[in-house]
Each structure stands twice: as C-alpha cells, then as structure tokens.
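With the first letter of the sequence shown counted as 1, position 225 gets the number 225 in full-length UniProt numbering; the numbers rise by one all the way through.
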Amino acid sequence: MAKSPKISASHEPGGLIVHISGLLPSLSPAEQRVARLVVANPADAARRTITDLATAAETSEATVIRFCRSVGMDGYPQLRIRLAAEAARRVEPPDARVVGGDIPPGADLAQIIATIAFNDARAVEETAEQLDPAVCEQVVEAIGAAGRIDVYGAGASGFVASDFQQKLHRIGRTAFYFPDVHTALTSAALLGRGDVAVGISHTGTTSDVIEVLEQARQRGATTVALTNFPRSPVTEVADFVLTTAARETTYRSGATASRLAQLTVVDCLFVGVAARSRARTRKALEATAEAVRSHRVGAGRRRA
1 MAKSPKISAS
11 HEPGGLIVHI
21 SGLLPSLSPA
31 EQRVARLVVA
41 NPADAARRTI
51 TDLATAAETS
61 EATVIRFCRS
71 VGMDGYPQLR
81 IRLAAEAARR
91 VEPPDARVVG
101 GDIPPGADLA
111 QIIATIAFND
121 ARAVEETAEQ
131 LDPAVCEQVV
141 EAIGAAGRID
151 VYGAGASGFV
161 ASDFQQKLHR
171 IGRTAFYFPD
181 VHTALTSAAL
191 LGRGDVAVGI
201 SHTGTTSDVI
211 EVLEQARQRG
221 ATTVALTNFP
231 RSPVTEVADF
241 VLTTAARETT
251 YRSGATASRL
261 AQLTVVDCLF
271 VGVAARSRAR
281 TRKALEATAE
291 AVRSHRVGAG
301 RRRA
C-alpha cells in the first residue's frame, strides 16, 4: 500500500478560502458550484442560510452539507463561522475595479496593471501563509543530504524547475533539470535511495511530471511534489507535497500568478538548504561569482 504523502497546506481559519480553492477540482460538479460562490464572496456566503446558499448554487441542501464535509467542516454552522472569520481578515485592493481578480472586456491598462499586481502579490502572500514549516523543513533536510537532486516540470512550471536547479547547482549541490520527458525518465531510472526528485505541476495533472516522479519513487528516491491542488494525481506519487495558493484569471491560466507562487516556495527551499551549511554556501557563491565576473561590463575597470 502506498504511504500517504506529507502535505504542507495549513487548514487554519486564515487559509480556508485557499484550502477550498485547492480542493475545488476534486469536488463533484454540484459541490464545485457551492465552492465557487464561497470563494468569490466569503462574507456573502457567511450571511446566507443553508437554503439560500443551495438555491444560489442551483443545488440541494444535502449537497451543501456534503461540500462542508468534503472541505473538512463538521457541518454548515461551522462553515459559516469560518467564512465570517475569513471575510473579516481579507484585505481588499485599493482600486475597487480590481475586486474579483478578473480582467473584464474593455479594461484599460491602468486597471490591468492594478489587477495583475494585486493578484500576484496575493498569490505570494497566501502561499506563504499556508505553507507548513515542518514539512518544508523535512524537504530541506532531504535535499541538503541528497547525493543528487533531479527537478522536473513542463511549460511554465519548467521555468521554475530550471530556476531551482540553477540555484542548487550554484551552491555546489548536484542537481539536474531535464525539459524532455525521455531524458527525464532515463535520469529518474538512475536515481536511488538518498536522492531526491522534485516534480512541479500547477494543476498536478501533468502526465510527464507524474510519470517521472513515479519512476523515481520506484527506484527508492525521495519524491517531492509542488502543486496548487493537494488532491491532484501528482500527490499520489509524492512522499512530500508542497502547495501553492494561486488563482489564475483571464488570459493568465497556469502561467503567471502560479509561477510566482511556485518561485516563492522554491526560494524558501533554496535558502533553507543554503542556510544549513553557511560556510559551504558562501564559498560556492564566491567561487561562482568570480567565475563570471569578467563577463560583466566594467568589471575590469573596477579591478584596476
């Protein structure tokens, strides 16, 4: 029997909307309608009776109760209390046109800039809020002790995977990134105990990443998944699951807010690994900086 992964998502009241958003793809269609109403306006949902919410979601009261249980609530009264607390702590953007996070037809550039800036900042903040330091510490420990680290990702997540590999490599860690699934699979087949494989997928459904992590796990490597959805397929082949909290909007599906949220987690892991061996890290950073110094404009004049 496969062991259950350790997941970094916090289920504290402050992260309820993030928690529900992460579970949304795993809910039934009727429960998803309830979830979207709750996520869009927690304060309004908290004021509704169970009958009102069911009617607004075009479903039944029984479905609302199932939704509550699916997201970890004992029942509707507890959900209303948690939603009221969530609504009280939410920070709304200074520009009222940004509320809702989407970019409507005819939006001017000022509105587009304000909307993107607010949502990107919120993705980073909410990702940091829901990360479990204890799980992150275990991942950092595994990476720090690893003989080799392979990082996998496709599309926009591939850029994050490449960034993480370069950061680790610069502080003297043996790390690889393979954008091609065939080379990734052959690399994963050579991993073993003491090695770490990190798979990055916003949706958690990218077959290439899932297949490579599964291969690495079969070989005995420790597997880590970074995804926005804690019940997605990629978590089934991971020993540790780290979650982001990004909500993509019009024109930006799986490409910007999610990438920034992923980079936030990657940076936390990188600094965690670097801080565990400060002397080694400092020596490696100095050596790599010196190696490229002559390729910076003006470097020769400064030395003179």
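Backbone N, C-alpha and C fix where the C-beta goes; we use that ideal spot for every residue, glycine too. Because the structure is a prediction, the values reported are computed rather than measured.
Practice task
For S26, I'd like the list of residues in its chain whose CB is within less than 6 Å of its CB, leaving aside the five on either flank, ordered along the chain.
Solution key: So the qualifying residues of the chain are R231.
Problem - Under 8 Å between C-beta atoms of V265 and L242 - result: In terms of Cβ geometry, V265 and L242 form a close pair [threshold 8 Å].
Exercise for the section: Give the secondary structure of A175 by DSSP, where H, G and I count as helix, E and B as strand, and everything else as coil. Expected result: strand
Practice task
For T260, collect the residues of the same chain with a Cβ closer than 7 Å to its Cβ; drop the 5 residues on either side in sequence, then sort them by chain order.
Solution key: Per the sequence shown, residue 260 should be read as Leu rather than Thr. Hits under 7 Å: D120, A123, V124.
Problem - Close beta carbons around R66, own chain, < 7 Å, minus the five adjacent residues each side - result: E31
Handout entry: the stretch 159 to 167 / the stretch 280 to 289 touching (three or more Cβ pairs under 8 Å)
Key = no
Handout entry: Beta-carbon spacing of D208, A175 below 8 Å
Key = no
Handout entry: Short Cβ contact (8 Å threshold) for L269 with A238
Key = Going by C-beta atoms, L269 is not nearer than 8 Å to A238.
Practice task
Check whether the Cβ atoms of L191 and A145 sit closer than 8 Å, and answer yes or no.
Solution key: no
Practice task
Could you spell out the range, first to last residue, of the alpha helix (DSSP H) harbouring L285?
Solution key: 278 to 292
Handout entry: alpha helix (DSSP H) runs contained entirely in the stretch 146 to 200, provided each spans 4 or more residues
Key = 156 to 170, 181 to 188
Exercise for the section: Just mark K167 as buried or exposed, buried being the case when its beta carbon has 16 or more other beta carbons within 10 Å. Expected result: buried
Problem - C-alpha distance - I143 paired with V34, whole-angstrom precision - result: 40 Å
Practice task
Report yes if the CB atom of R276 is closer than 8 Å to the CB atom of V64, and no otherwise.
Solution key: no
Practice task
May I have the straight-line CA-CA distance separating S294 from G172, to the nearest angstrom?
Solution key: 21 Å
Exercise for the section: Inspect the CB distances between the stretch 197 to 204 and the stretch 104 to 113 and report whether three or more fall short of 8 Å. Expected result: no
Exercise for the section: Quick one: residues in its chain with C-beta nearer than 6 Å to the C-beta of R48, no 5 flanking neighbours on either side, listed in chain order? Expected result: Excluding residues within five positions, none has a Cβ falling inside 6 Å.
Practice task
Whole angstroms is fine: what's the gap from G199's alpha carbon to S157's?
Solution key: 9 Å
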